[in-house]
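The structure appears below as structure tokens.
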Amino acid sequence: MTQIVKSKIDQACRVAEEFTKLYYETSDKRRHLMSRLYLDSGLLAWNGNGINGNERIQKFFIDLPTSDHTINTLDAQPILDSAVNGQLTFMIQVSGTVKYQDRVPKSFQQNFIITAQGDKWKIVSDCFRLQEPLSNNEKT
Amino acid sequence: MPKPGKFNKPSWKNQYSEHDFRAGGDTRKVSFKPNKHTYKKDNRDWGAAARSHLQDEDIDMGGSSVGGRSFKKNHFKGKKGGRSDSPAPNHHSKRRLLEGPMGWFRITLPFGNKYEKSFVLRTLLEKIEPLPLWPITWKTNGNTATFYVDDFKVAEKLHELDRQIQMPDGFRMLIKVSNGIPNVDVNSEMKEKIKVTMAKRYNSANKALDLTKFHADPDLQECFCALFKPIVFLTVLEIIAENIPEIEAINLFDNKIADLSYLKKVNEKLPNLKILHVGNNKFRDISMLDPFIGVPIVDVVLNGNPLCSKYKDQEAYIGEVRKRFPKVVKLDGIDLPPPISFDISEEVHLPTTQQTFLCNQEGESIVRQFLEQYFLIFDSENRQPLLQAYHESALFSMTMSYPYGQKDRSTSWLNWYTTDNRNLLRVSDPDRRQKLLKQGQVAVVSFLQEMPLTKHDIHSFTVDLVLFTSQMICLAVSGMFRELKSGHKVPPTRAFFRTLVIVPAGSGFCIANETLHVTNATDEQARLIFKTVVSAPATPVTSPIAPRLTLDEGTKQQMVTAMSEQSGMNLEWSGKCLEETQWDFSRALSAFADAQKKGVIPAEAFVK
Chain A
1 MTQIVKSKID QACRVAEEFT KLYYETSDKR RHLMSRLYLD SGLLAWNGNG INGNERIQKF
61 FIDLPTSDHT INTLDAQPIL DSAVNGQLTF MIQVSGTVKY QDRVPKSFQQ NFIITAQGDK
121 WKIVSDCFRL QEPLSNNEKT
Chain B
1 MPKPGKFNKP SWKNQYSEHD FRAGGDTRKV SFKPNKHTYK KDNRDWGAAA RSHLQDEDID
61 MGGSSVGGRS FKKNHFKGKK GGRSDSPAPN HHSKRRLLEG PMGWFRITLP FGNKYEKSFV
121 LRTLLEKIEP LPLWPITWKT NGNTATFYVD DFKVAEKLHE LDRQIQMPDG FRMLIKVSNG
181 IPNVDVNSEM KEKIKVTMAK RYNSANKALD LTKFHADPDL QECFCALFKP IVFLTVLEII
241 AENIPEIEAI NLFDNKIADL SYLKKVNEKL PNLKILHVGN NKFRDISMLD PFIGVPIVDV
301 VLNGNPLCSK YKDQEAYIGE VRKRFPKVVK LDGIDLPPPI SFDISEEVHL PTTQQTFLCN
361 QEGESIVRQF LEQYFLIFDS ENRQPLLQAY HESALFSMTM SYPYGQKDRS TSWLNWYTTD
421 NRNLLRVSDP DRRQKLLKQG QVAVVSFLQE MPLTKHDIHS FTVDLVLFTS QMICLAVSGM
481 FRELKSGHKV PPTRAFFRTL VIVPAGSGFC IANETLHVTN ATDEQARLIF KTVVSAPATP
541 VTSPIAPRLT LDEGTKQQMV TAMSEQSGMN LEWSGKCLEE TQWDFSRALS AFADAQKKGV
601 IPAEAFVK
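Protein sequence lines, in the order shown, are assigned to chains A and B. FYI, the numbering for the first sequence is 1 to 140, going by full-length UniProt numbering. FYI, the numbering for the second sequence is 1 to 608, going by full-length UniProt numbering.
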């Protein structure tokens with residue numbers, strides 16, 4: 001049991017490294033391919049805006065200003081079997097800075113749940129947050 | 001009127017009697033020598049004013065000995081004549097006041113402080129009407145009062161009024177006018193004043209700030225808030241960036257500004273500025289506004305600046321303006337033909353940030369309760385009760401980094417978090433990666449217990465519920481907390497981003513996976529911590545019965561204690577209140593607030 005967990009942890013780390021490299025390269029330079037990274041029913045929550053389905057996510061990315069991501073930290077864990085019925089699923093945590101067009105870079109944090117679908121890793125959910133003050137007109 | 005207390009100095013009597021002489025006029029020369037003596041002794045600050053005053057006397061005396069010494073002298077002769085002839089003013093023969101390069105004048109009233117300030121100002125105002133009088137930085141030293149005016153006409157008029165106004169005690173008021181700019185030093189008190197004055201001049205409906213003749217604002221007369229002083233302008237810009245970054249229009253008319261080329265990053269501070277009116281200033285060249293390049297200005301007014309006369313034709317003028325502000329469609333109030341541009345807009349906007357995203361509305365109450373209870377315990381001294389909140393094989397790991405641009409500044413160091421920073425980009429050894437991943441609820445909670453004490457600002461939270469199924473909930477929370485008792489001089493304001501995978505357990509839920517990212521709050525964020533004012537909902541809505549966290553007695557006890565602290569009620573009544581609201585802390589608080597407003601809580605509830 002513990003040995004299984006151990007190898008899953010190692011795998012999660014390796015996949016996370018590969019995944020993030022691909023993800024940010026694609027979103028910075030080959031946005032038209034973004035939809036391939038998501039499940040058909042994948043979800044993107046971008047700064048509190050929810051986008052459902054890989055087609056709509058694709059469109060959302062196309063409409064974003066050009067971006068340039070730099071990753072500062074990366075972390076990953078395998079999700080407990082009891083939550084995912086043994087389906088191989090990882091949680092990936094990223095922090096870094098992103099520069100939109102020529103604006104000042106901003107810090108961001110992002111979390112992915114990715115799962116194995118056949119021989120491909122696909123994003124189940126992608127949660128992105130810029131580190132910024134909440135504007136006053138929004139009330140809890 | 002003179003207050004006795006003010007003139008207790010030994011020299012007072014002397015001065016006063018000299019004043020007498022002065023008024024007498026005839027004996028002026030006799031009084032000259034001792035006069036000089038007294039001034040030097042008592043009023044060092046008087047400096048230039050006193051000297052120039054004495055020079056007048058000098059020349060009066062010298063006038064009889066040497067002829068044609070200087071242009072100035074001749075003028076004084078004329079003046080003397082005017083004085084002795086009759087009280088009728090003969091302005092043209094007076095020494096001419098020159099309009100200096102900065103257009104500011106120091107007015108010295110050598111005996112101005114013998115009278116009430118308001119009386120002096122009223123008297124002067126009556127004499128110069130219809131001209132306005134805005135005395136800047138009224139200061140007194142001994143008997144002398146000084147202030148500054150920014151209007152040549154006013155300065156000229158005051159200059160003419162020298163020895164023309166008879167005061168109630170029979171003396172004629174001395175008024176010395178010279179070129180001069182007050183010193184300015186912006187301290188926090190002054191910044192606060194500027195801020196309040198700006199707030200008064202800001203129209204939030206159309207996001208416009210009117211800073212016309214800012215230094216003359218009645219609320220700023222004690223300090224010298226001239227916008228042509230870089231320190232003042234920079235302060236104003238800072239206040240804008242901190243408080244009204246959404247600003248779209250600024251009016252800077254009549255501020256004697258000659259140069260703004262020292263400004264930096266204006267496009268970051270005023271990203272939405274569309275209207276810039278800088279008419280009637282002293283800009284000699286449009287390049288003085290270059291720091292505004294990159295600001296989306298569409299309407300600019302430059303009228304009344306020396307630069308306007310530089311251009312031979314209107315085309316060249318428009319060209320220079322458009323070179324800097326390509327989107328300008330209105331110049332000096334005149335509509336310009338729109339510039340021809342391309343059909344791909346250069347600027348793409350980011351979608352607006354939303355504080356909460358819920359993939360499933362049903363999840364809201366669970367999420368809210370879960371967070372309230374979790375952070376209530378997390379912010380207490382004892383985090384052990386969180387054991388209940390974690391799955392027996394729970395996984396937890398943490399990463400940390402500094403926000404953009406903060407690393408090299410002296411800041412609240414995140415040293416505590418570096419030891420357990422599971423940053424896979426840095427930690428490549430598989431064993432170390434294993435070790436930094438806390439496995440099992442005991443390992444997780446003992447790590448949480450070691451973490452510095454915290455106070456989270458729940459109103460700073462963003463919540464993203466990205467998965468909500470019967471098997472699994474995935475929830476991301478970001479926000480701010482204060483780190484307490486961690487050895488920092490000032491409790492640091494941190495920002496965090498936590499992602500939780502939550503699974504059902506018994507009648508409640510527990511955390512299966514968690515990643516925590518800790519960083520510092522940015523300055524813009526930190527300013528807002530614990531600033532949200534929440535009004536309790538009028539009637540607490542009875543939420544639909546949702547699956548609840550299983551609360552053990554320890555947690556309940558902590559909630560009761562917290563409730564008692566916040567409400568002032570004793571433990572028994574705090575417990576009752578929580579019981580009635582199904583241990584929903586925020587509902588309990590608002591129910592309390594409600595009941596208290598209605599006055600239905602018996603006094604015994606507060607007996608401890």
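Positions of the beta carbon are idealized from the N, C-alpha and C atoms, including for glycine.
When the five nearest sequence neighbours on each side are left out, the beta carbons in the same chain lying within less than 8 Å of the beta carbon of Ile128 of chain B are those of Val154, Lys157, Leu158, Leu161, in order along the chain. Val149 of chain B is positioned such that its CB atom lies closer than 9 Å to that of Leu133 of chain B. Counting other Cβ atoms within 10 Å of its Cβ, Thr419 of chain B stays below 16 and is therefore classed as exposed. Our two residues, Glu579 of chain B and Gln557 of chain B, have alpha carbons roughly 12 Å apart in a direct line.
Taking C-alpha positions only, Glu246 of chain B is separated from Gly279 of chain B by approximately 23 Å. Using a CB distance cut-off of 9 Å, Tyr24 of chain A does not count as an interface residue toward chain B.
In the three-state reduction of the DSSP assignment, Ile240 of chain B falls in the helix class. Among the residues facing chain A, Glu347 of chain B is included, as its CB has a counterpart in that chain under 9 Å away.
The beta carbons of Thr555 of chain B and Pro385 of chain B sit closer together than 9 Å. Taking each of B:Val466, B:Leu125, B:Leu121 in turn and checking the Cα distance to Trp138 of chain B, the smallest one comes out for B:Leu121. For Gly363 of chain B, the enclosing alpha helix (DSSP H) has its first and last residue at 363-378. Counting only runs of 4 or more residues that sit fully inside the segment 113-165 of chain B, the alpha helix (DSSP H) segments are 117-128, 152-160, in chain order.
Per the C-alpha coordinates, the member of A:Val5, A:Gln110, A:Asp28, A:Arg14 positioned closest to Gln101 of chain A is A:Asp28.
Going by beta carbons, Ile297 of chain B and Leu263 of chain B fall outside the 9 Å limit.
Residue burial is scored here from C-beta neighbours: Phe606 of chain B has fewer than 16 other C-beta atoms within 10 angstroms and is therefore classed as exposed. Only exposed fits Glu392 of chain B, as fewer than 16 other CB atoms lie within 10 angstroms of its CB. About 6 Å separates the beta carbon of Ile62 of chain A from that of Arg31 of chain A, a gap short enough to meet the 8 Å contact definition. DSSP places Asn72 of chain A outside any alpha helix (DSSP H); the residue lies instead in the beta strand (DSSP E), whose first and last residues are 67-78. At a cut-off of 9 Å, the C-beta of Gln131 of chain A has a neighbouring C-beta in chain B. Looking at the backbone, the Cα of Ala443 of chain B and that of Arg433 of chain B are separated by about 15 Å. The Cβ of Asn85 of chain A sits closer than 9 Å to at least one Cβ of chain B. Nearest Cα to Val463 of chain B within the set B:Ser446, B:Glu381, B:Ala603, B:Leu371: B:Leu371. Chain B places a beta carbon closer than 9 Å to that of Thr73 of chain A, counting this residue as a contact.
Residue-level contact check: Gly405 of chain B touches chain A, since one or more beta carbons of chain A fall below 9 Å from its beta carbon. Nearest to Asp285 of chain B by C-alpha distance, out of B:Thr212, B:Asp185, B:Tyr317, B:Ile502, is B:Tyr317. With fewer than 16 neighbouring CB atoms inside 10 Å of its own CB, Gly118 of chain A falls in the exposed class.
Leaving aside the five residues that flank Phe496 of chain B on each side, the residues in its chain whose CB is nearer than 6 Å to its CB run, in chain order, Val518. Counting only runs of 3+ residues, the beta strand (DSSP E) found wholly inside the segment 375-445 of chain B occupies 390-400, in chain order.
A residue is called buried when at least 16 other Cβ atoms come within 10 angstroms of its Cβ; Val94 of chain A meets this threshold and is buried. Phe357 of chain B belongs to the set of residues whose beta carbon lies under 9 Å from a beta carbon in chain A.
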